[in-house]
Amino acid sequence: MTTADRPERPQYRVIGTRAKRTEGPGKVTGTTVYTADVQLPRMLHAKMVLSPHAHARIVRIEGASALAVPGVSRVVTAADLSEAIRDGSNPAVNPSNRGDALIAHTEVVFAGQPVAVVLGESLAAAEEGAAALLVEYEPLPAVLDIEAAMRADSPLARRPAGAVDRSEESAHVTIDVHAEESGSAPTNISSHVSFSRGDIATGFAESEVVYEHTWRSATLHQGYIEPQATVADFQPATGELVVWTTTQGQFHERDTIMKTLKWPETKLRVIGPELGGGFGGKMAQSSPLVSALAVIAKRPVKLVYSRKDDLLAGRPATGALVKIKTGMKRDGTLMALEASVAYDSGAYPGAPAATGALLMSSFYRWPHLKVDGYEVLTNHVSAGAIRAPGVHNVMQAVEQNIDEMARQAGLDAAEVRLRNAVRTGDPMSSGKEFPAIGLVETVERAQSHPLWQHRDEVRAASTSTKKRGVGLAIGGWLGGLQPAAAELFLNSDGTVNGVTGALDISGTNTSFAQIVAEEMNLPLEKVSITTGDTRTAPFAGMSAGSKTLFTMGKALRDAAIDLRQQMYEVAAERLEANPDDLEVDGGEVRVKGVPTKNISYERLAAITTGFGALYKPLVGRGTVTARVQAPGFTAQIAEVEVDTETGFVEVKNYASVQDVGFAINPMSVEGQLEGGSVQGMGIGLWEEYIYDDSGRLRNAGLLDYRMPTAADVPDIDSTLVEVPSEDGPYGARGVGEPSITAGGAALANAIADAIGARVPMMPATPERILRAMGKLGGSEAAGG
Amino acid sequence: MQALKYARAASVDDAIRLLRDGGEAARVLAGGTDLIVQARERRREVHLLVDIKRLAETMVLAYHAPTPPDAPPGFYIYPGLEVGAAVPLYRVYGDPDVQRHYRALVEASHVIGGTAIQGRATLGGNLANASPAADSIPAMMALGGVARVVGAGGTREIPVAEFCTGPGRSALQPTEFIVSLYFPPPASRSGSAWERFIPRNEMDIAVVNAAAYLAFEGDTVSEARLALGAVAPTPLALPDVAAALVGRPLDDAAIDRASAAASAAARPISDMRGTEAQRRRLVGVLVGRVLRKAAARARGEEVPA
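Residue numbers (the working numbering), protein chains in the order written: chain L, 1 to 784; chain C, 1001 to 1305.
1. Do D1051/C and L1029/C have their C-beta atoms within less than 8 Å of each other?
2. Output, in chain order, the set of chain C residues within a Cβ distance shorter than 9 Å of R698/L.
3. Below 9 Å on C-beta distance, what does L703/L contact in chain C?
4. Quick one: what's L685/L bridged to in DSSP?
5. Taking R1297/C as the reference, give the member of R1273/C, E1202/C, L1018/C, W1194/C with the closest Cα.
6. Find the residues of chain C that neighbour A36/L, judging by a C-beta separation of less than 9 Å, and give them in chain order.
7. Residues of chain C with CB under 8 Å from D712/L, in chain order?
8. Kindly list, in the order they appear in chain L, the residues whose Cβ is closer than 7 Å to that of R1042/C.
9. Per DSSP, what are the beta-bridge partners of N598/L in this structure?
10. What in chain C is Cβ-close to P766/L, meaning under 7 Å?
11. How would you list, in chain order, the residues of chain C whose beta-carbon sits under 8 Å from the beta-carbon of L786/L?
12. How about R445/L: is its C-beta nearer than 8 Å to some C-beta of chain C?
13. Could you work out which residues of chain L lie near V1285/C, taking near to mean beta carbons separated by less than 7 Å?
14. Can you pull the chain C residues whose beta carbon is under 8 Å from the beta carbon of T709/L, in chain order?
15. Hey, quick one: how far does the beta strand (DSSP E) through E641/L stretch, first residue to last?
16. Among R468/L, I437/L, V108/L, I58/L, which residue has its Cα nearest to the Cα of E641/L?
17. What is the DSSP secondary structure of M335/L, counted as helix, strand or coil?
18. Using a Cβ cut-off of 8 Å (strictly closer), state whether R365/L contacts chain C.
19. Kindly indicate the opening and closing residues of the beta strand (DSSP E) around I61/L.
20. Going by DSSP in three states, I716/L sits in which element: helix, strand or coil?
21. Note down, in chain order, each residue of its chain lying with its Cβ closer than 7 Å to the Cβ of R1054/C, except the 5 sequence neighbours on either side.
22. Sort P389/L, A559/L, G675/L, R590/L by Cα distance to R621/L and report the nearest one.
23. Given this structure, state the Cα-to-Cα distance separating E338/L from A638/L, to the nearest angstrom.
24. If distances are taken between C-alpha atoms only, which option among E726/L, A84/L, A757/L, S718/L comes closest to K298/L?
25. Let me see if you follow: with CB-CB separation under 8 Å, is I690/L close to chain B or not?
26. Below 7 Å CB to CB, which residues in the same chain sit around R1303/C once its five sequence neighbours on both sides are set aside?
27. Compare the C-beta of R269/L against all C-beta atoms of chain C and say whether one is closer than 8 Å.
28. Helix, strand or coil for M258/L, going by three-state DSSP, please let me know.
29. What do you get for A152/L, buried or exposed, if any count of 16 or more other CB atoms within 10 angstroms of its CB means buried?
30. Going along the chain, which residues of its own chain have a beta-carbon closer than 8 Å to the beta-carbon of G784/L, five neighbours each way excluded?
31. Look at the alpha carbon of K259/L and the alpha carbon of A484/L, and state the distance between them as a whole number of angstroms.
32. Spell out the partners DSSP gives D1271/C in its beta bridges.
33. Identify which residue in H454/L, L478/L, T623/L, L293/L has its Cα closest to the Cα of L439/L.
34. Within 8 Å of any Cβ in chain C, is that where the Cβ of R468/L sits?
35. Could you spell out the range, first to last residue, of the alpha helix (DSSP H) harbouring E399/L?
36. Are the stretch 282-289 of chain L and the stretch 244-259 of chain L touching, with three or more C-beta to C-beta distances below 8 Å?
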């Protein structure tokens, strides 16, 4: 790790240091309790029965065969759901959103959609029952191709329904422009957004290098290792519903259950245990269904997805079709961008059409641009979010076009990016101005990186069958915004405990503790942050959208300042000093310049809590709302070796440069850069939903849905650029999402550099590489 | 999940009796790395598992060199490698004699599953499972492997090259199971090699795999065996392609001819792991690579896996 461009800033003691993650030992030693570990007395186990058809009418569900299995207690179908809804309604009847389609009602709209749930006294019984359940279908025409689905005469993937709930999509990014919902005549295009600037015809007329291409990218799984899981405990006597679920946002789960079941939040408690990975996929996927099952069964119910369930019935990240034409002057000045991105949203809305169109067109200073984003419904499993949803699909296109134009003009591709990169105050394609950003600084660091500087030598090391190449690409993410609140308590031993409602992803509780320790002038081990639940913690947004530390970190800083101020007020009275003359050091409140005039944190705790104590308890509170985004940019460099006989790609070296604003915990931040880079490699080279001709997923397991293994990934050289954000704590930016956005494109450019051909579909599998090189006849594997 | 009964065989005869009494749904359990998964996913109906891991005959791992010319009169030991059907892979590829004489077997068994799987999985199980894409079977074919099989009808030997009859189907009759695998000793100037193609470096099922054994007299190929995996309903021995290599030097032209012939002999299908065209191409590439590698080893060169 190298830290570049670190500006002058105050001397910090705890933040900015490589703190070991507080939740790490439990995870490493296997003692962490995850949702699947929760066991309750009288608990039933649930197994979903999934549709094998992409589009079909449910003719009949015959429960008797399942109920005949010993230990099976009930078969729940969509018709039963109204038993669980307070007002007796049934959300699954013609739902507009995936969230309401708990179980398919009369019609299945994707292969993998749950059509029934079998409850059993044991998981084995439930599985046996699910295997025995008889479901009769009448297949309907399925819409499986994005382009075909967009045509006006295409059959509809699904009956048109009412208003669309976009709360999950907006959890990730805050953008001002929202897509228009489709008009009166029903089509499969469920939303469409456009941005334009200048005059596109003029732009191309003035361009000297023009490149036009169509790029495709596959549907992906988020790749969280802990599968979807929920345990719901319903107490009929009190009406209490307590839900343990693997989630990035407990309050989002609570609100979703509240809306779906019409359940009062005074009778609802959502507990998010330690999270085994989310990446945008842990957002109320299973908790409403399992809550309903518990209410119906009047017993605790546990549902843990199998890996197959998770791939078939999860909410994967969208595949996309991008048509793009770009123009440039021979000196490297970008002139025109004309593009469309169509996301395969699957059977329900949820694709990031607005985000994709905006980000595709906002990272360079295009004088003329026209972009369209489409959300297209098909009979594939409906999509959800992923780390930076929709961005890798469009960066694949933009960054390959830039690369190809630079090559044609004989220019350094990094130089072209640098010349045209957006700066602070530049407009996005929506017209909104960029706040303080560090794209230029990021590209500069990448340009001077040895991996980029030595690219000619790398290429020269090629042999006749092993071709080497180096590729560069940028990416970025605007960052989400959401209010946050935190509380801090002074303990009897002079330490500080804190509670937030934010789930710890990627070590955020450790970074929170660093912030509090910094402000309280305590060593890190004297601060502990706990994730409370929806009954015990103040509000927290989702741990998503690269905003967890960006927003909650500020709330904790404010809470620490509040706690400190309360301590000053009590201490001022005891020390007969002015509160403004006090400081904290060494676990004491002291009079500045007179260290002997002090009162310890322990003493302050005692006189604010003891029997007959004179002073109020010390409770620091921080509540914030963030209004200015802190976009984060990345530039990534990949070196590959392509076996031109087999198409096999070996990633030899990899560098990731990112503007992180300020790294509260550089070790965690590097982990984010590395993790995002590895996911980028998966996107670029291996990961893909492979469907057959009838829309069935053929690789519903981690053997054939290929995520990178440790053996596939080289050391990743991370460089942290620190251009402070305006509104983040200590200048920090959200760091989680930018890191995934550039990898696919960087690898694609490296492969093109190596073999002299472009692979039009991501991932660049060995077969597609051979085909791009003209070494294979015949057509691609089915569904590929 | 099916409810299963489990019995540990006390002897080979006991195992045969248990299998006979258990009928169709009684299965032999060695490492269980395929069988347990298949039973759990209901891909195989299994009611009784007969564990053969505690038998001396199934746990043997022994190599005997050919009887030296200067051996005392009457001295004779049956030469070659005997691998019990329940010997876990880590012992096979970790054995110094296997490493010295049967490199293709080392290469193939080293990539089946991860370390934990290799502590359980066996060559006998990999063969009995009869997957068209099995990693070890082409290596065993190239090394001239023979399965020693027992059953209610007695004992017999089945060449590995004739063992598989279809996807998941084998020449084993009811009550029969593999006790051990036998491999003849390699010729003095010989070498073997195995390769597979997968899109990643680990954790995958072969798109294509290939194995070769070559022996030389002078510059001339005196013996050759070639086999492929994942390109036909069974692992595929290529006796004709191999025979064409014998009696002449292994030059580039001979290798190219063998690659082309192997590519033509393959009968691949298109599935999610690869198309027919890709597989045919890979057969040609891999056959060339294993022939070159086996030849280099025969020359005494150290060629890494």
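Beta carbons: idealized from backbone N, C-alpha and C, even for Gly.
In this structure, then:
1. yes
2. D1271, M1272
3. M1203, D1204, I1205
4. Note: L685/L sits in no beta bridge, so no partner.
5. W1194/C
6. In chain order: nothing, as chain C lies at least about 17 Å away.
7. R1200, N1201, E1202
8. A131
9. R590/L
10. P1199
11. What the structure shows of chain L is the stretch from 1 to 784, and residue 786/L is not part of that stretch, so it cannot be assessed.
12. no
13. E645, T646
14. R1200, N1201, E1202, M1203
15. 632-643
16. R468/L
17. strand
18. no
19. 56-62
20. strand
21. R1008
22. A559/L
23. 27 Å
24. A84/L
25. Annotation note: the requested chain B is absent from the structure, which comprises protein chains L and C.
26. The displayed chain sequence assigns Val, not Arg, to residue 1303/C. K1293, A1296, R1297, listed in sequence order.
27. no
28. helix
29. exposed
30. Confidence in G784/L is poor, its pLDDT being 36 and thus under 50, which makes the residue's placement unreliable; the coordinate value appears in the next sentence. Closer than 8 Å at Cβ, skipping near neighbours: E688, I690, M761, T765, E767, R768.
31. 22 Å
32. G1274/C
33. L478/L
34. no
35. 391-409
36. yes
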